[in-house]
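Take the sequence shown: its position 200, counting from 1, is numbered 246 in my numbering, and each next residue is one higher.
For every residue, glycine included, the Cβ atom is placed at its ideal position computed from N, Cα and C.
Just so we're clear, the structure is a prediction, and the values are computed from it rather than from any experiment.
Below is one structure; the comments refer to it alone.
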Amino acid sequence: MTNVLVIGSGIGGLTTAALLAKEGYSVTVMEAQTYPGGSASTFFHKGYRFDSGATVAGGFQPNGPHYLTGKLLDLDWNVHTYDPAWVVHMPNCEISLTRDNEDMLRAFPESRAFWEQQSAIADQGWSLSAQGLPWPPTNMAEAMQIAKVGVTNLPGDLKIIPFALMSAKQWMGLHGLNDNAEFVRFIDGQLLISAQTTSANAYAMYSATALDLARQGVYHAEGGIGGIAEQLVEKIRALGGDVLFRQNVTRIAVENGKAQGVWAKKGRRSKQEDFFSADFVIANTTPWSLEQLLADSAPKALRRENQHRDATFGAFVLHLGVKSDFLPDGFADHHQFLMDVDGPLGEGRSLFMSVSPDWDTSRAPDGERAMTITTHTRVQPWWDLLNRDESEYYRRKDAYAQTFIANIDRFLPGFKDAITFMMPGSPVTYEFYTRRHMGMVGGFPQKSLFGARGPRTGVDNLRLVGDSIFPGQSTAGVSLGALRVAEDVQRAMPVKKRTTRKLTEIPT
């Protein structure tokens, strides 16, 4: 039986592992933490179940990525639909993002034609994504697969080609919306969450699908976002695979251009490393982390890529316990706060708040709700400060936390007094717990369809999965990537009778 080893238990890695286990591969997932999910996990701390990063899940609608993987895996997701998706708070208005878009259209009535076009483009995008197209193509066979789909769907798909060649801001300009500063700020706030960049840079085709989340539906996983990963772990084990926790992979062994397996140690403090052989390796990591694991065996192309790529965003997060009776009846579970209508976003000027559902009493002590608040932040300044002056690093963490609280108190007076517990985290924190290079999260900014990264690594039997490959971030995005990687593995190395490697053949 073909032996596949997956490094990391993020949603992308787990989904790939489950799909391959179903097809008869011998699958092992290795996770450094004691729980699954990576940047979409839920951890337990002092009576709270906090989401570590992602708090909003989409893609469970018919033909959505999670819907498709659920059908393939015969898996019933423990999720609940939720409307509104979230409420956007701006200096002069408040907008509930609902499936019918009505509140948003009341705020911006002149944008109706834009949203009608957005829905049409997104519908075509979802239809194409449901076919698992290998974008970007990495060989002639994949290019022919895309061309074949294009031929069979003409002329409809031709209509969306121009939107792959323009920015979201140019697209808005076609509708005369760029002079509306509040509308542009509203769109920029949504795209920063979903595309990791704003309308001036995000390409329109991706933006149309990214802006479709509220219409397609937002879902809560029981017990927190990590419930998605926990269900995938159960499915992998039910299919005969395994998920090993506290397995810190230290390097990938490569011989003659092929991965032979990985070296790992149990826990963070152990000095003993054990070798795990594999016929195929899948890394649920960033390209930078992958290069570190390959060390001297890293292909030159991967090294060049990492040298020329800009660092992506990190997140500053505030985990809070909040008194339940402070939150008014009907208070939405997700909120976005945009402090002004111009200037840069992130660094506390745009905040995303998620509060545990009132029906999920497992998330916090009696009389309280668990809350997570995040902002985009640049990663390098946090590391520079930590290395230069550790005490100043902690002062900056505290200052960010107080800024969060003060900014939200502008919209929710009395918020500060309702807090019962507070725990901040910076990109340094994310790096420690998720092992993501420098604590970067969210994947690459979606600036161009033709600049997207595929799963190939330069090592024949080694693939990337997760938010670094197209189509990027979110549990829905990484699930689409996982569908593609699982198919790629099956083409590259069909299931075969398992071979046993002699101990003398294990790489050192």
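Open item on the list: Excluding the 5 residues flanking residue 197 on each side, which residues of the same chain have their C-beta closer than 8 Å to its C-beta?
Closed with: On the sequence shown, residue 197 is found 151 positions in, with the first residue counted as 1. No answer about residue 197 holds up, because its pLDDT of 49 lies below 50 and its placement is not dependable.
- [ ] Look at the Cβ atom of residue 223, then the Cβ atom of residue 240, and state whether they are nearer than 8 Å.
- [x] As a position in the sequence shown, residue 223 is number 177, starting the count at 1. As a position in the sequence shown, residue 240 is number 194, starting the count at 1. Result no, Cβ atoms of residue 223 and residue 240 do not sit closer than 8 Å.
Open item on the list: Which complete alpha helix (DSSP H) runs does the region 317-350 hold, if anything under 4 residues is left out?
Closed with: 333-340
TODO: Taking only the alpha-carbon atoms, compute the straight-line gap between residue 297 and residue 322 and give it to the nearest angstrom.
DONE: Translated into the one-based positions of the sequence shown, residue 297 becomes position 251. Translated into the one-based positions of the sequence shown, residue 322 becomes position 276. Computed Cα separation, rounded: 11 Å.
- [ ] Can you have a look at residue 156 and say buried or exposed, based on whether 16 or more other CB atoms are within 10 angstroms of its CB?
- [x] Stepping through the sequence shown from its first residue, residue 156 is reached at position 110. By the C-beta density criterion, residue 156 is exposed, having fewer than 16 other C-beta atoms within 10 angstroms.
Open item on the list: Output needed for residue 442: all residues of its chain with C-beta closer than 7 Å, excluding positions within five of it in sequence on either side, in chain order.
Closed with: For the purposes of this step, residue 442 is taken as the residue at position 396 of the sequence shown. Excluding positions up to five away in sequence, the list reads 431.
Task: Distance between residue 47 and residue 541 (C-alpha atoms, nearest Å) - done: Within the sequence shown, the letter at position 495 stands for residue 541. Within the sequence shown, the letter at position 1 stands for residue 47. Residue 541 and residue 47 have their C-alpha atoms spaced approximately 6 Å apart.
Task: Nearest candidate by alpha-carbon position, reference residue 281, set 422, 62 and 521 - done: Counting from one through the sequence shown, the residue named residue 281 turns up at place 235. The option with the nearest alpha carbon to residue 281 is 62.
Open item on the list: Judging by CA-CA distance, which residue of 505, 524, 530 and 447 is the nearest neighbour of residue 34?
Closed with: Any question about residue 34 goes unanswered here, given that the chain covers just 47 to 554.
Task: Bridge partners - residue 135, DSSP secondary structure assignment - done: Taking the first residue of the sequence shown as 1, we reach residue 135 at position 89. For residue 135, which the question treats as bridged, DSSP gives the partners 140 and 383.
- [ ] With DSSP as the reference, label residue 410 as helix, strand or coil.
- [x] By 1-based counting over the sequence shown, the position of residue 410 is 364. Three-state DSSP puts residue 410 in coil, outside helix and strand.
- [ ] Count the other CB atoms, across all protein chains shown, that sit within 10 Å of the CB of residue 379; report buried if there are 16 or more and exposed otherwise.
- [x] Along the sequence shown, one-based indexing puts residue 379 at 333. The residue is buried, with at least 16 neighbouring Cβ atoms inside 10 Å.
TODO: Pull up the distance between the alpha-carbon of residue 57 and that of residue 329, whole angstroms please.
DONE: Working through the sequence shown from its first residue, we reach residue 57 at position 11. Working through the sequence shown from its first residue, we reach residue 329 at position 283. Residue 57 and residue 329: Cα-Cα distance of roughly 12 Å.
Task: Length of the line joining the Cα atoms of residue 248 and residue 491 - done: Locating residue 248 in the sequence shown gives position 202, where the first residue counts as 1. Locating residue 491 in the sequence shown gives position 445, where the first residue counts as 1. Cα-Cα distance, rounded: 7 Å.
Task: Per-residue burial, residue 310 [other beta carbons within 10 Å of its own, 16 or more giving buried] - done: Taking the first residue of the sequence shown as 1, we reach residue 310 at position 264. By the neighbour-count rule (16 or more Cβ atoms within 10 Å), residue 310 is buried.
Task: C-alpha distance - residue 545 paired with residue 539, whole-angstrom precision - done: If you number the sequence shown from 1, residue 545 lands on position 499. If you number the sequence shown from 1, residue 539 lands on position 493. With a pLDDT of 40 at residue 545, under the threshold of 50, the modelled position of that residue is not reliable, and the figure given next carries that caveat. Spanning the two alpha carbons is a distance of roughly 14 Å.
Open item on the list: Measuring only the C-alpha atoms, how far is residue 422 from residue 390?
Closed with: As a working note, residue 422 is residue 376 in the sequence shown. As a working note, residue 390 is residue 344 in the sequence shown. Straight-line Cα distance between these residues: approximately 11 Å.
Task: Beta-carbon contacts of residue 361 that lie in its chain and below 6 Å, excluding the five residues immediately before and after - done: One-based indexing of the sequence shown puts residue 361 at position 315. Only 420 and 487 meet the Cβ criterion.
TODO: Classify residue 468 as helix, strand or coil using the three-state DSSP reduction.
DONE: Sequence index remark: in the sequence shown, residue 468 carries index 422 (1-based). Here residue 468 sits in strand by DSSP.
Task: Three-state secondary structure (DSSP) of residue 244 - done: What you label residue 244 is simply residue 198 of the sequence shown in a count that begins at 1. In the structure shown, residue 244 sits in coil (DSSP, three-state: anything other than H, G, I, E or B).
TODO: With distances taken Cα to Cα, identify the nearest neighbour of residue 96 among 406, 534 and 433.
DONE: By one-based count along the sequence shown, residue 96 stands at place 50. That would be 406, whose Cα lies nearest to the Cα of residue 96.
Task: As assigned by DSSP and simplified to three states, the class of residue 417 - done: In the sequence shown, counting from the first residue as 1, residue 417 sits at position 371. Correct three-state label for residue 417: strand.
Task: Sufficient close CB pairs (3 or more, under 8 Å) joining the region 264-273 to the region 219-235 - done: The region 264-273, when compared against the region 219-235, does not touch it at the 8 Å Cβ threshold.
Open item on the list: Can you check which of these residues, 290, 461 and 130, is closest to residue 373 by C-alpha distance?
Closed with: As a first step, residue 373 is located in the sequence shown; it is residue number 327 there, counting from the start. The shortest Cα separation from residue 373 among 290, 461 and 130 belongs to 461.
Task: Nonlocal neighbours in the same chain, by C-beta distance under 7 Å from residue 200, ignoring five residues either side - done: As a working note, residue 200 is residue 154 in the sequence shown. For residue 200, the predicted structure reports a pLDDT of 46, less than 50, and the residue's modelled location is therefore unreliable. The matter cannot be settled from this model.
TODO: Please name the residue in 206, 473 and 392 whose C-alpha comes closest to that of residue 449.
DONE: Along the sequence shown, read from residue 1 onward, the residue named residue 449 stands at position 403. Considering only alpha carbons, the answer is 392.
Task: Three-state class that DSSP yields for residue 310 in the structure shown - done: Position 264 of the sequence shown holds residue 310. Strand.
- [ ] Take the Cβ of residue 207 as the centre, count every other Cβ of all protein chains shown within 10 Å, and call the residue buried at 16 or more, exposed below.
- [x] For the purposes of this step, residue 207 is taken as residue 161 along the sequence shown, with counting starting at 1. It is exposed - the Cβ of residue 207 has fewer than 16 other Cβ atoms within 10 Å.
Task: Residue of 481, 440, 436 and 254 minimising C-alpha distance to residue 335 - done: For the purposes of this step, residue 335 is taken as residue 289 along the sequence shown, with counting starting at 1. Nearest C-alpha to residue 335: 481.
Task: Beta-carbon gap between residue 254 and residue 209 smaller than 8 Å - done: Against the sequence shown, residue 254 aligns to sequence position 208. Against the sequence shown, residue 209 aligns to sequence position 163. Yes. Within cutoff.
Open item on the list: According to DSSP, is residue 358 part of a helix, a strand, or is it coil?
Closed with: As a first step, residue 358 must be located in the sequence shown, where it is residue number 312. In this structure, residue 358 counts as coil in the three-state DSSP scheme.
Open item on the list: If you reduce the DSSP assignment to three classes, tell me which class residue 294 lands in.
Closed with: What you label residue 294 is simply residue 248 of the sequence shown in a count that begins at 1. If DSSP states are grouped into helix, strand and coil, residue 294 belongs with the strands.
Task: Spatially closest choice to residue 508 from 250, 129, 60 and 308, by CA coordinates - done: In the sequence shown, residue 508 corresponds to position 462, counting from 1. Minimum Cα distance to residue 508 is reached at 308.
- [ ] Kindly indicate the opening and closing residues of the alpha helix (DSSP H) around residue 433.
- [x] Within the sequence shown, the letter at position 387 stands for residue 433. Here the alpha helix (DSSP H) through residue 433 covers 426-434.
Task: Beta-carbon proximity check, residue 76 vs residue 293, cutoff 8 Å - done: Locating residue 76 in the sequence shown gives position 30, counting from the first residue. Locating residue 293 in the sequence shown gives position 247, counting from the first residue. Contact: yes.
TODO: Just the C-alpha distance for residue 111 and residue 285, rounded to the nearest angstrom, thanks.
DONE: As a working mapping, residue 111 is identified with position 65 in the sequence shown. As a working mapping, residue 285 is identified with position 239 in the sequence shown. Each residue's Cα considered, the two are about 20 Å apart.
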